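Peer 1:
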Amino acid sequence: MAYYQRSGFVPPKRHTQHRSPSGELYYEELVGEEGFSSDSSLLYHVGIPSAVTDVRDWDLPDQSTAPNQPLAPRHLRLHDLFTQDAWTSSDAVRNRRLILGNADVRLGYVAAGQPSPLYRNAVGDECVYVESGTGTVETVFGDLQVRQGDYVILPRATVHRWVPQGEEPLRLYVIEANSHITPPKRFLSRFGQFLEHAPYCERDLRAPSAPRVLDGQDVEVYIKHRGQGPGGIAGTVHVMARHPFDVVGWDGCLYPYAFNIADYEPLTGRVHQPPPAHQVFEGHNFVVCNFVPRQVDYHPLAVPVPYYHSNVDSDEVMFYCGGDYEARRGSGIGQGSISLHPAGHAHGPQPGAVERSLGVRFFDELAVMVDTFRPLELGEGGRATDDGQYVWTWSGRRNSP
Numbered sequence: 377m378a379y380y381q382r383s384g385f386v387p388p389k390r391h392t393q394h395r396s397p398s399g400e401l402y403y404e405e406l407v408g409e410e411g412f413s414s415d416s417s418l419l420y421h422v423g424i425p426s427a428v429t430d431v432r433d434w435d436l437p438d439q440s441t442a443p444n445q446p447l448a449p450r451h452l453r454l455h456d457l458f459t460q461d462a463w464t465s466s467d468a469v470r471n472r473r474l475i476l477g478n479a480d481v482r483l484g485y486v487a488a489g490q491p492s493p494l495y496r497n498a499v500g501d502e503c504v505y506v507e508s509g510t511g512t513v514e515t516v517f518g519d520l521q522v523r524q525g526d527y528v529i530l531p532r533a534t535v536h537r538w539v540p541q542g543e544e545p546l547r548l549y550v551i552e553a554n555s556h557i558t559p560p561k562r563f564l565s566r567f568g569q570f571l572e573h574a575p576y577c578e579r580d581l582r583a584p585s586a587p588r589v590l591d592g593q594d595v596e597v598y599i600k601h602r603g604q605g606p607g608g609i610a611g612t613v614h615v616m617a618r619h620p621f622d623v624v625g626w627d628g629c630l631y632p633y634a635f636n637i638a639d640y641e642p643l644t645g646r647v648h649q650p651p652p653a654h655q656v657f658e659g660h661n662f663v664v665c666n667f668v669p670r671q672v673d674y675h676p677l678a679v680p681v682p683y684y685h686s687n688v689d690s691d692e693v694m695f696y697c698g699g700d701y702e703a704r705r706g707s708g709i710g711q712g713s714i715s716l717h718p719a720g721h722a723h724g725p726q727p728g729a730v731e732r733s734l735g736v737r738f739f740d741e742l743a744v745m746v747d748t749f750r751p752l753e754l755g756e757g758g759r760a761t762d763d764g765q766y767v768w769t770w771s772g773r774r775n776s777p
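Following this line, the structure appears as structure tokens:
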């Protein structure tokens, strides 16, 4: 994300001595991508950021997946995963449930009522959508206040923690990449500025508050990293000699930020616009799109709901997080649902949806879509919430053997 930010106390020249008012030397840390060849930031720590006093294993939540076999579209009810008793004692890191995954991306869900431990994902970037609730994402760069509808982009290895606020849970839909997550390249100039046709721009992004210097010794940081566990992922806890939040200043183009879905300006037309018109982010072998309340097609003979389509190259995952998704009416899908439409299955509106949509000029719907270019498998959370009936909703019946 080549959009320069500067926060706190940094020296006039990089890689030069930077001292406190009392003369102590600060420790410079480069956080960068692609081996010094892409975006980076420089952070200035009071203590040595590498100082570890202990390490131990972290037994991750179940990361195993099972093939979508026999191949079928599926409806997953994510709100069934966390009862009130569950979310009041859950945090956003150790209790997130794996819904779907492949070698490029893992989709998880959590309802959290407790602060999480400090955490860093060393596998890839995370894009977290806040379905409901409010809270603070405390990071080594500074804090982000988050609310319903926020996307939170957390670059790989950013130390952070989630702190819910209020009496309701912080419900999070988590997209964990095995790569970096960025705005689509077609939205950006060759120098990294958002172009005029982009549906959002720099003004819509919220950077962290100023960094803080916290005291504390022997502080635990939970780390998800590459390893020999299910999905090639393992967990470790590092006990740091001092609190990682000891940064007096930083600058650069790599940092966490928030963007609210209400600030996304939808692209519309006289006839139905395909999903790429609704794209918001991209990663390696997957894209993220969002469908927001909008005026729909205004050709006099337009059919506003999607036409039937076969995803020959991708699996399509839709997370329904607000409004009434017109094309799925009658399927049982509602707030907190996920639909999985796998490559190899032609899908589209439910029976009756096409006729009902004719003449409609506005859709009040909110959904986050992830299209993946490798098949998705079902995680334990997906297997636990599959309604088992969605595949029959177009025909209305199932033939018995």
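Under our numbering, the first residue of the sequence shown carries the number 377, and numbering increases by one thereafter. Glycine included, C-beta positions come from ideal geometry on N, C-alpha and C. Every value quoted in this text rests on a predicted model; they were computed, and no experiment measured them.
Between Asp691, Phe517, Val668, which lies nearest to Ser417 when the distance is taken from Cα to Cα?
Peer 2: Residue 417 sits at position 41 when you count from the first residue of the sequence shown. That would be Phe517, whose Cα lies nearest to the Cα of Ser417.
Peer 1: Hey, how far is the Cα of Gly603 from the Cα of Ile609?
Peer 2: Mapped onto the sequence shown, residue 603 falls at position 227. Mapped onto the sequence shown, residue 609 falls at position 233. Between Gly603 and Ile609, the C-alpha separation is close to 5 Å.
Peer 1: With 16 as the cutoff for other CB atoms within 10 Å, does Gly607 come out buried or exposed?
Peer 2: The residue you call residue 607 lines up with position 231 of the sequence shown. Gly607 comes out buried.
Peer 1: Given Arg547, which residues of its chain have a CB within under 7 Å of its CB, disregarding the five upstream and five downstream residues?
Peer 2: Reading the sequence shown from its first residue, position 171 is the one you call residue 547. Contacts found: Ala487, Glu507, Ser508, Gly509.
Peer 1: Shortest alpha-carbon distance to Pro493 belongs to which of Pro620, Ile557, Glu410, Ala462?
Peer 2: Translated into positions along the sequence shown, residue 493 becomes position 117. For the residues Pro620, Ile557, Glu410, Ala462, the minimum Cα distance to Pro493 belongs to Pro620.
Peer 1: Whole angstroms are fine: how far does the CA of Gln393 sit from the CA of Cys629?
Peer 2: Against the sequence shown, residue 629 aligns to sequence position 253. Against the sequence shown, residue 393 aligns to sequence position 17. Approximately 21 Å, taken between the alpha carbons.
Peer 1: Are there three or more Cβ pairs, one per stretch, closer than 8 Å when the region 549–568 is compared with the region 639–658?
Peer 2: The region 549–568 vs the region 639–658: in contact.
Peer 1: Is Ile637 helix, strand or coil when you go by DSSP?
Peer 2: To locate residue 637, count along the sequence shown from 1; it is residue 261. Helix, per DSSP.
Peer 1: Sorted by chain position, which residues of the same chain lie with C-beta nearer than 6 Å to Asn471's C-beta, five sequence neighbours on each side aside?
Peer 2: Taking the first residue of the sequence shown as position 1, residue 471 is located at position 95. Answer for Asn471: Val486, listed in chain order.
Peer 1: Taking 8 Å as the threshold (C-beta atoms), are Ala498 and Arg532 in contact?
Peer 2: The sequence position of residue 532 within the sequence shown is 156, counting from 1. The sequence position of residue 498 within the sequence shown is 122, counting from 1. Result yes, Cβ atoms of Arg532 and Ala498 sit closer than 8 Å.
Peer 1: Using CA atoms only, rank isn't needed, just tell me which of Ala583, Leu677, Asp689 is closest to Val796.
Peer 2: Because residue 796 is not part of the residues shown, which for the chain are 377 to 777, the question remains open.
Peer 1: I'd like to know whether the C-beta atoms of Asp467 and Pro491 end up nearer to each other than 8 Å.
Peer 2: Here residue 467 corresponds to residue number 91 of the sequence shown, with the count starting at 1. Here residue 491 corresponds to residue number 115 of the sequence shown, with the count starting at 1. Cβ atoms of Asp467 and Pro491: closer than 8 Å.
Peer 1: What are the boundary residues of the beta strand (DSSP E) that Gly518 is part of?
Peer 2: Here residue 518 is taken as the residue at index 142 of the sequence shown, counted from 1. Looking at the DSSP string, the run of the beta strand (DSSP E) that includes Gly518 is 518–522.
Peer 1: Where are the beta strand (DSSP E) runs, 3 residues long or more, that stay fully inside the region 472–553, in chain order?
Peer 2: Correct list: 473–477, 481–488, 494–497, 502–508, 510–515, 518–522, 526–530, 536–541, 546–553.
Peer 1: Within its chain, find whatever has a CB closer than 6 Å to the CB of Leu419; leave out the 5 residues flanking it on each side and keep chain order.
Peer 2: What you label residue 419 is simply residue 43 of the sequence shown in a count that begins at 1. Counting only Cβ-Cβ distances below 6 Å, and skipping sequence neighbours, we find Glu405, Val623, Trp626.
Peer 1: Which term fits Pro632, buried or exposed, when burial requires 16 or more other beta carbons within 10 angstroms of its beta carbon?
Peer 2: The sequence position of residue 632 within the sequence shown is 256, counting from 1. By the 10 Å Cβ count, Pro632 comes out buried.
Peer 1: Quick one, are the C-beta atoms of Asp519 and Pro446 less than 8 Å apart?
Peer 2: Residue 519 sits at position 143 when you count from the first residue of the sequence shown. Residue 446 sits at position 70 when you count from the first residue of the sequence shown. Not in contact: Asp519 and Pro446 (Cβ atoms no closer than 8 Å).
Peer 1: Tell me, which residues are paired with Lys561 by DSSP?
Peer 2: By 1-based counting over the sequence shown, the position of residue 561 is 185. None, per the DSSP bridge assignment.
Peer 1: Using DSSP bridges, identify the partner residues of Gly628.
Peer 2: Taking the first residue of the sequence shown as position 1, residue 628 is located at position 252. Answer is Gln381, Ser417, bridged to Gly628.
Peer 1: Enumerate, from N- to C-terminal direction, the unbroken beta strand (DSSP E) stretches of 3 or more residues contained entirely within the region 673–708.
Peer 2: As far as the region 673–708 is concerned, its whole beta strand (DSSP E) runs of at least 3 residues are 691–699.
Peer 1: What would DSSP say about Gly764, mapped onto helix, strand or coil?
Peer 2: What you label residue 764 is simply residue 388 of the sequence shown in a count that begins at 1. If DSSP states are grouped into helix, strand and coil, Gly764 belongs with coil.
Peer 1: Give every residue of the same chain whose Cβ lies closer than 8 Å to the Cβ of Asn666, excluding the five residues on either side of it in the sequence, and list them in chain order.
Peer 2: Locating residue 666 in the sequence shown gives position 290, where the first residue counts as 1. Ile637, Tyr640, His654, Val656, Leu742, Ala743, Val744, Met745, listed in sequence order.
Peer 1: My assumption, with CB atoms under 8 Å, is that His391 sits in contact with Tyr403. Please give the rounded CB distance.
Peer 2: Along the sequence shown, one-based indexing puts residue 391 at 15. Along the sequence shown, one-based indexing puts residue 403 at 27. Not a contact, Cβ separation roughly 12 Å.
Peer 1: What are the start and end residues of the alpha helix (DSSP H) that includes Thr464?
Peer 2: Counted from its first residue, the sequence shown places residue 464 at position 88. That run of the alpha helix (DSSP H) goes 460–464.
Peer 1: Hey, how far is the Cα of Arg579 from the Cα of Thr558?
Peer 2: In the sequence shown, residue 579 corresponds to position 203, counting from 1. In the sequence shown, residue 558 corresponds to position 182, counting from 1. Roughly 16 Å separates the two Cα atoms.
Peer 1: Are there three or more Cβ pairs, one per stretch, closer than 8 Å when the region 445–465 is compared with the region 585–599?
Peer 2: The answer is no - the region 585–599 does not touch the region 445–465, with fewer than three Cβ pairs under 8 Å.
Peer 1: If you check the beta carbons only, do Thr748 and Asp691 fall under 8 Å apart?
Peer 2: The sequence position of residue 748 within the sequence shown is 372, counting from 1. The sequence position of residue 691 within the sequence shown is 315, counting from 1. Yes, these two residues count as a Cβ contact at 8 Å.
Peer 1: Within 10 angstroms of its Cβ, does Leu734 collect 16 or more other Cβ (buried), or is it exposed?
Peer 2: In the sequence shown, the residue the question calls residue 734 occupies position 358. Classification of Leu734: exposed, given that the 10 Å Cβ count is below 16.
Peer 1: Could you pull out every residue in the same chain whose Cβ sits closer than 6 Å to the Cβ of Ser440, ignoring the five residues on either side in sequence?
Peer 2: For this step, residue 440 is matched to residue 64 along the sequence shown. Cβ within range, chain order: Pro606.
Peer 1: At which residue ranges does the region 385–446 contain complete alpha helix (DSSP H) runs of 4 or more residues, listed in the order of the chain?
Peer 2: Here no run is fully enclosed.
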